[in-house]
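**Q** Before we start, here is the structure in question, set down as structure tokens.
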Amino acid sequence: MNTVTTPRFRIAGSPFRAFLAFLALFLSAIGAQRAQAQGNTTITASSIIIDRGDTTGNETFGAKNGLPAPAFQNRNLGSFDISDFATRLLLNGGTLTTQESAPDEVYSASLTYRVRANGGGLNLRSGSIALPQVSQTAGTRMFAATAANTNLLTGLSAGSYVLSVQLVAEGINTSPDGGAFAISDPQFRFYEATFTVTGVAPTEAPNSTTWTGGKNDNWFDAANWTQGVPTPTKDATVPNFGSGSTVAYPNIYSNAVKPASTATTRIQNQDGTFTDVQTTTPGYDNSNSGPALTHALTMQGDNQLQRSLVRLLVGRLQVYGDFRNQQDSFVQRENTVVSFTGGNQTISGSASGFAGVEIDGGGLKTLTTSFTILPGGTLRFISGVLETNVSNVNVEFVELAPATVSNGVTTPAGQLAGETDLTHLRGFLKTTQTAQTGVAQNFGNSGLTVTFSGNDPGNVSVTRNTSLNYASINNGANAKPSIRRVYGVRPSNQNAAGGLRATMVFHYLDDETRNLTPGNQNLREADFALFLSTSSGDVFGQLGRDALNTTTNELTKNDVTTFGTFTISEATDPLTLPVTLTAFSAKRENTDAVVSWQTAMERNSRGYEVQVSTDGRQFRALAFVPSYSPTATTLSTYRYVDTEAGKQGIRYYRLRQVDLDGTATFYGAKAVSFGPGAATAARMNVFPNPFVDALHLTATSVEAGQGQLTLLDLAGRVVRQQTSTLDAGVNGLTLSYLNGLPAGVYVVRFAPVGGQAQTTRVQKQ
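Numbering (mature numbering (1 follows the signal peptide of the UniProt record, and there is no 0)) for the sequence shown: -37 to -1, 1 to 728.
Next comes the structure, spelled out in structure tokens:
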């Protein structure tokens, strides 16, 4: 007979009493911390959302209490054959419902997951999915995510696996002694389900193929690709094989024969003599190949020296997806065409330029760098819009190369073709071409034709922006916006003795005259006139027009003698102002202010009264500057220096132009800062106040960049908002077309670059 004796332990004395005291303190601390952190806040419901890749889509499995059915715990999610590239097991998220108990507040939730081999302890995959809050009723909050698209099969091989999931809610106890807390479902463990993986995962997607050059350099030979020749639905990747590699890169001879070629290599023998070795490379016949086709085309490379190559030597290449040419790997010969034929596409451009490009297939083609249309080449628009980012014109643009002459043969400049309202370049274009007197120059069919007379203009640089419009012509008599087409014209010989003279034909699209900022305005085409600025668009002077064809959308202006920034807007009434002011500025020089302005034309002008104000409202005369001549048709430059002593703060300068008959027109105002720190002080002055149809502001910005001007009503609703390019220091801004606002009090808010936003109240009459 076996006797079992239960061991007994006895601990006595001071050590034991100390241990009991410590244990009591420890348990008390745990209880206190639990009450402080969580109170009675609980997770009342939770679920896990899985997409098993079949036609069912998202399936919801109950987590807490296994509800809603079916339960996730111990669920067999099935078997998945990864030899099929399309096989997916997606963890798309889940739901979590909490019930708060004051003073707790739950502020976020998430789902944590782990994947391990069945029977193994090492996590092969892990991660977290945020569950945004989707509803709140009293103290009940619901969090959910349904489209996380986390493919649990990624990186797995054949075998049996366990998916572990825990849902977590985080919050804060708002009592004085409270703190952050987290509660989980389930507590201290995970919900677990299993799944099985079979097959071997393919190394490449079925809709992708990679160049190997396994046979020769023929794009159209399937033996040169891992999964056959690219198609409109199959991406092509050309690896960088590195320097010294003997792998041939792809050449495109579409609908053409590449003849066999023979190369001769001279080798020096040991006795000092030489032997010529001939190597013959077979050609191939692609007479019936059609164009080369691909979805996305990716040409890999680390830099310009370590890069892949794709050569379009004969025929066409049609790209239906993105064009990735980061290291200038694409080489195109003359008389070939690369066509961007898909819907929305991203085009990385070409540092070496394109010989011929087509925009087709509709959609938006986004250019992320730049490209040049080479001499003899055409950028042809068939369907779709090519867009550049005009806030980054040093990087993103289209350039038209000038004409070239070789051995007496002229190759014409690169040009545009086929632009309409539905298909065109929306962005920044530039070209520099030699202009001859008496010859109409269309600058690559860019929409501007200039015929110079008299002096030789030299090389003429032309830029075109068809993405933005000027919010206001801002010439003191006209607050209308410009159309969404702006040209910069700069002849290299602009200062020739006797000046330059030209006839200018300005072409525009109907779409560029509509939905203009601010306020989606439309301009009256019948009232169009040409405007000129010699101050980069700060102030425009009206040149008028000599002809307007609203059928062909062409405005003609004769006798243009000053060149700078040109655009179209509605003519000021009357059509011809006495003065065409094209530039006006006020700058600080030490303790003085230099006020300067330019006119392209003056008619019956007596001169200019320079006025100053310290508050932007009450102005006084400083001096009168007479016109050089009452009537002038060439560029005139004026300058006045304000040498008054004791300047402080901000001074506002404006011009009062006076005609021979005494009629006056005001231009300005421009602000100049004086005094320590004035250039960077966060200040704003708004005038007039009360206002009727426009508000003018002078405001400072610590840095140059984009600032925002907002007009709000007293309920905080945005009434008008515009973004403006600011200089470091003082800026002049205008909010126009406010006459339709109800009378009352509004708030002007100016958010500068690198400074605090400024607000002030204004009264609308």
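Every residue, glycine too, gets a C-beta built ideally from N, C-alpha and C.
How do the stretch 599 to 610 and the stretch 645 to 660 stand: do at least 3 beta-carbon pairs fall below 8 angstroms, yes or no?
**A** In short, these stretches do not touch, since the Cβ pair count stays below three.
**Q** What is the C-beta distance between Asn648 and Ile613, in whole angstroms, given that I count them as a contact (C-beta under 8 angstroms)?
**A** Locating residue 648 in the sequence shown gives position 685, where the first residue counts as 1. Locating residue 613 in the sequence shown gives position 650, where the first residue counts as 1. Confirmed, about 7 angstroms.
**Q** In the structure shown, what three-state DSSP assignment does Ala93 receive?
**A** Residue 93 sits at position 130 when you count from the first residue of the sequence shown. DSSP places Ala93 in strand when its eight states are reduced to three.
**Q** Taking just the CA atoms, how far does Ser568 sit from Ser592?
**A** Along the sequence shown, read from residue 1 onward, the residue named residue 592 stands at position 629. Along the sequence shown, read from residue 1 onward, the residue named residue 568 stands at position 605. Whole-angstrom Cα-Cα distance: 8 angstroms.
**Q** Taking the Cβ atom as the reference point for each residue, do Ala72 and Ala132 lie within a distance shorter than 8 angstroms?
**A** One-based indexing of the sequence shown puts residue 72 at position 109. One-based indexing of the sequence shown puts residue 132 at position 169. Yes. Within cutoff.
**Q** Mind checking whether Leu59 and Ser9 have CB atoms under 8 angstroms apart?
**A** By 1-based counting over the sequence shown, the position of residue 59 is 96. By 1-based counting over the sequence shown, the position of residue 9 is 46. Closer than 8 angstroms, so yes.
**Q** Within 10 angstroms of the Cβ of Phe151, are there 16 or more other Cβ atoms? Answer buried if so, exposed if not.
**A** Within the sequence shown, residue 151 is the residue found at index 188, counting from 1. Phe151 comes out exposed.
**Q** Could you check where the beta strand (DSSP E) with Gly668 kicks off and where it finishes?
**A** Position 705 of the sequence shown holds residue 668. From DSSP, the beta strand (DSSP E) with Gly668 extends over 668 to 676.
**Q** Could you please give the first and the last residue of the uninterrupted beta strand (DSSP E) stretch that includes Asp44?
**A** Taking the first residue of the sequence shown as 1, we reach residue 44 at position 81. Start and end: 39 to 44.
**Q** Would you say Thr4 reaches chain B, if we count a Cβ-Cβ gap shorter than 8 angstroms as a contact?
**A** Protein chains in the displayed structure number just one, and chain B is not present.
**Q** Please return the same chain residues whose Cβ sits closer than 6 angstroms to the Cβ of Val558, not counting the five positions on each side in sequence.
**A** As a first step, residue 558 is located in the sequence shown; it is residue number 595 there, counting from the start. Hits under 6 angstroms: Ala549, Val573, Tyr603, Tyr616.
**Q** Can you tell me whether Gln231 is buried or exposed? The criterion is at least 16 other CB atoms within 10 Å of its CB, across all chains shown.
**A** Residue numbering aside, residue 231 sits at position 268 when the sequence shown is read from its first letter. Answer is exposed; the Cβ neighbour count stays below 16.
**Q** Between which two residues does the beta strand (DSSP E) carrying residue 734 extend?
**A** Nothing about residue 734 can be reported from this structure: the residues present for the chain run from -37 to 728 only.
**Q** What span of residues does the beta strand (DSSP E) with Tyr283 cover, start to end?
**A** Here residue 283 is taken as the residue at index 320 of the sequence shown, counted from 1. Here Tyr283 belongs to no beta strand (DSSP E), and DSSP marks it neither H nor E.
**Q** In this structure, how does DSSP classify Lys178 when only helix, strand and coil are distinguished?
**A** The residue labelled residue 178 in the question sits at position 215 within the sequence shown. Coil.
**Q** Just to confirm, is the Cβ distance from Ala546 to Asp501 under 8 angstroms?
**A** Sequence index remark: in the sequence shown, residue 546 carries index 583 (1-based). Sequence index remark: in the sequence shown, residue 501 carries index 538 (1-based). Cβ distance < 8 angstroms, so Ala546 and Asp501 count as in contact.
**Q** Could you give the residue range of the beta strand (DSSP E) that holds Glu22?
**A** Counted from its first residue, the sequence shown places residue 22 at position 59. Looking at the DSSP string, the run of the beta strand (DSSP E) that includes Glu22 is 21 to 25.
**Q** Excluding the 5 residues flanking Leu85 on each side, which residues of the same chain have their C-beta closer than 7 angstroms to its C-beta?
**A** The sequence position of residue 85 within the sequence shown is 122, counting from 1. Within the same chain, Leu85 has close Cβ partners Arg79.
**Q** Going along the chain, which residues of its own chain have a beta-carbon closer than 6 angstroms to the beta-carbon of Thr4, five neighbours each way excluded?
**A** Translated into positions along the sequence shown, residue 4 becomes position 41. Contacts found: Glu63, Ser64, Asp67.
**Q** Can you grab the Cα-Cα spacing for the pair Asp239 / Gly407, in whole Å?
**A** By one-based count along the sequence shown, residue 239 stands at place 276. By one-based count along the sequence shown, residue 407 stands at place 444. About 49 angstroms.
**Q** Please tell me whether Val711 and Thr723 are closer than 8 angstroms, where the distance is taken between their beta carbons.
**A** Looking up residue 711 in the sequence shown gives position 748. Looking up residue 723 in the sequence shown gives position 760. Yes, they are a contact pair.
**Q** For Leu518, which of Ser123, Leu363, Arg448, Ser91 has the nearest alpha-carbon?
**A** Counting from 1 along the sequence shown, the entry for residue 518 is found at position 555. Nearest option by C-alpha distance: Arg448.
**Q** So which of Phe469, Thr257, Arg287, Val621 has the shortest CA-CA distance to Ser271?
**A** As a position in the sequence shown, residue 271 is number 308, starting the count at 1. Measuring from the Cα of Ser271, the nearest candidate turns out to be Arg287.
**Q** May I have the straight-line CA-CA distance separating Ala584 from Leu431, to the nearest angstrom?
**A** Position 621 of the sequence shown, counted from the start, is the residue given in the question as residue 584. Position 468 of the sequence shown, counted from the start, is the residue given in the question as residue 431. If I take the Cα positions, the gap works out to 37 angstroms.
**Q** If you drop the 5 nearest sequence neighbours on each side, which residues of the same chain put their C-beta closer than 8 angstroms to that of Pro444?
**A** Against the sequence shown, residue 444 aligns to sequence position 481. Cβ within range, chain order: Asn432, Tyr433, Ala434, Ser435, Ile436, Leu479, Thr480, Pro481, Gln484, Leu486, Ser532.
**Q** Express the C-alpha separation of Asp184 and Gly191 in angstroms, rounding to a whole number.
**A** Here residue 191 refers to the residue found at position 228 when the sequence shown is read from its first residue. Here residue 184 refers to the residue found at position 221 when the sequence shown is read from its first residue. Cα-Cα distance, rounded: 8 angstroms.
**Q** Could you give the DSSP three-state label for Glu475: helix, strand or coil?
**A** Position 512 of the sequence shown holds residue 475. Looking at Glu475 - three-state DSSP - the assignment turns out to be helix.
**Q** Helix, strand or coil: how does DSSP classify Glu167 here?
**A** Taking the first residue of the sequence shown as 1, we reach residue 167 at position 204. Looking at Glu167 - three-state DSSP - the assignment turns out to be coil, as it is neither helix nor strand.
**Q** Is the stretch 455 to 465 close to the stretch 360 to 371, with three or more CB pairs under 8 angstroms?
**A** Not touching, per the Cβ criterion.
**Q** Threshold first: 3 residues or longer. Then list the beta strand (DSSP E) segments lying entirely within the stretch 102 to 170, N to C.
**A** Taking only runs of at least 3 residues, the beta strand (DSSP E) segments lying wholly in the stretch 102 to 170 are 103 to 108, 122 to 136, 143 to 148, 154 to 161.
**Q** Whose CA, out of Gln728, Thr466, Asn187, Thr530, lies closest to the CA of Asp509?
**A** Residue mapping note: residue 509 aligns to position 546 of the sequence shown, counting from 1. Selected option, being the one with the closest Cα: Thr466.
**Q** Once you ignore the five residues that flank Arg77 on each side, which residues in its own chain have a CB closer than 6 angstroms to its CB?
**A** As a working note, residue 77 is residue 114 in the sequence shown. For Arg77, where only same-chain residues beyond five positions count, the Cβ hits under 6 angstroms are Asn86, Ser89, Ser127.
**Q** What are the residues that DSSP puts in a beta bridge with Gly631?
**A** Sequence index remark: in the sequence shown, residue 631 carries index 668 (1-based). Per DSSP, Arg617.
**Q** For Thr476, collect the residues of the same chain with a Cβ closer than 7 angstroms to its Cβ; drop the 5 residues on either side in sequence, then sort them by chain order.
**A** As a position in the sequence shown, residue 476 is number 513, starting the count at 1. Here the set comprises Ile446, Asn485, Leu486, Glu488.
**Q** Please check the pair Thr200 and Trp182, which I expect to be a contact at CB under 8 angstroms, by giving their CB distance rounded to whole angstroms.
**A** In the sequence shown, the residue the question calls residue 200 occupies position 237. In the sequence shown, the residue the question calls residue 182 occupies position 219. With 8 angstroms as the limit, Thr200 and Trp182 do not qualify as a contact, their Cβ atoms being about 13 angstroms apart.
**Q** State the start and end residues of the unbroken beta strand (DSSP E) segment that holds Glu565.
**A** Within the sequence shown, the letter at position 602 stands for residue 565. First-last of the beta strand (DSSP E) with Glu565: 555 to 565.
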